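Numbering (this note's numbering), first residue to last: 531 to 836.
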């Protein structure tokens, strides 16, 4: 297997017309933490920020960023504890910290409005940010970023808080005792990536894996994200306050849903009613990572919305 990340096939958007842009790495500080982001150039264009999901990384957006970099100033952060951003010294990852980081990143690019696109955890972050600072957001896209369905949230919240706190402590202790998983070869890590999302092509999985692992001292490979990200703190386990954020968003919103995903349809379950200006697009033959599974269809909808 060729282990050099590459772009080819359907991802070469207009590649026969103009040379492909290339990203540069940058860092900023938020809450005393060194955080990394990718800048695709074109600073005179409107700013578009792409925010990845949990246990993912900034280079997961490369295909989308590359396709839009000629029309936008595309900026893609690694969330704290992910990619090339620093891990929390305490292993603590609060939703408020993630939102603060995003607010700090937006401030790096002046007072003009920005367009936000987020997947999963990233979708939840951009929706919260837009509810806090509606005057700063031009347009917003959330790919399965609404969290648990009302039914699932009700079931989860029905458990007494002390039970949920104790379960978190037990899971955290178990994580501390567990050695990080290592893979003997990059190919083995690619295979694990494809197990997690069987919609991925070999090329996609290779690219995501090559940018998502570090080489260990013994020559093996391990994921870049902090293992403590798997255990959310108890105070972040419920999303009862989210409608309060959603109702304050004033910009147009595009919600994206994969029909093979676990996520609930926000129109059918009533959550879409909390937004002032929202449209839902469903993608057949796509799971939770629909922007990978149906890239061409997703990019078409994204272009039309922007």
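From the three backbone atoms N, C-alpha and C, an ideal C-beta is built for every residue, glycine too.
From a predicted model like this one, the values you see are computed outputs, not experimental measurements.
Residue i versus residue j - alpha carbon distance
{"i": "residue 579", "j": "residue 645", "result": "6 Å"}
{"i": "residue 672", "j": "residue 624", "result": "20 Å"}
{"i": "residue 675", "j": "residue 659", "result": "13 Å"}
{"i": "residue 610", "j": "residue 656", "result": "15 Å"}
{"i": "residue 731", "j": "residue 821", "result": "13 Å"}
{"i": "residue 725", "j": "residue 716", "result": "14 Å"}
{"i": "residue 540", "j": "residue 713", "result": "The pLDDT assigned to residue 540 is 38, lower than 50, so where the model puts this residue is not dependable; a value taken from the coordinates is nonetheless given after this. Distance between the alpha carbons of residue 540 and residue 713 is about 30 Å."}
{"i": "residue 678", "j": "residue 779", "result": "20 Å"}
{"i": "residue 791", "j": "residue 741", "result": "24 Å"}
{"i": "residue 812", "j": "residue 570", "result": "28 Å"}
{"i": "residue 826", "j": "residue 803", "result": "29 Å"}
Buried/exposed call for residue i, threshold 16 Cβ in 10 Å
{"i": "residue 719", "result": "buried"}
{"i": "residue 589", "result": "buried"}
{"i": "residue 648", "result": "buried"}
{"i": "residue 794", "result": "buried"}
{"i": "residue 615", "result": "buried"}
{"i": "residue 772", "result": "buried"}
{"i": "residue 577", "result": "buried"}
{"i": "residue 560", "result": "buried"}
{"i": "residue 538", "result": "Bear in mind that a pLDDT of 38 at residue 538, under 50, signals an unreliable position, so the model cannot answer this."}
Given residue i as reference, the closest of the options once Cα atoms are compared
{"i": "residue 789", "options": "705, 814, 596", "result": "814"}
{"i": "residue 613", "options": "797, 728, 738", "result": "738"}
{"i": "residue 634", "options": "834, 557, 620, 812", "result": "557"}
{"i": "residue 752", "options": "758, 744, 759", "result": "744"}
{"i": "residue 568", "options": "584, 759, 594, 664", "result": "594"}
{"i": "residue 669", "options": "602, 792, 799", "result": "602"}
{"i": "residue 690", "options": "554, 764, 582", "result": "764"}
{"i": "residue 833", "options": "597, 581, 552, 574", "result": "597"}
{"i": "residue 736", "options": "723, 782, 760, 681", "result": "723"}
Alpha helix (DSSP H) segment containing residue i, residue limits
{"i": "residue 564", "result": "Where residue 564 is concerned, there is no enclosing alpha helix (DSSP H), although the beta strand (DSSP E) it sits in stretches over 563-569."}
{"i": "residue 712", "result": "Segment: none, residue 712 is in no alpha helix (DSSP H) and carries neither H nor E."}
{"i": "residue 653", "result": "651-662"}
For residue j and residue i, believed in contact at Cβ under 8 Å, the rounded distance
{"i": "residue 823", "j": "residue 729", "result": "4 Å"}
{"i": "residue 843", "j": "residue 621", "result": "Because the chain is modelled from 531 through 836, residue 843 falls outside the range shown and cannot be assessed."}
{"i": "residue 801", "j": "residue 784", "result": "At roughly 15 Å, the Cβ-Cβ gap does not stay under 8 Å, so residue 801 and residue 784 are not in contact."}
Residue span of the beta strand (DSSP E) that contains residue i, given as start and end
{"i": "residue 672", "result": "667-673"}
{"i": "residue 751", "result": "751-753"}
{"i": "residue 615", "result": "No beta strand (DSSP E) contains residue 615, which DSSP labels as neither H nor E."}
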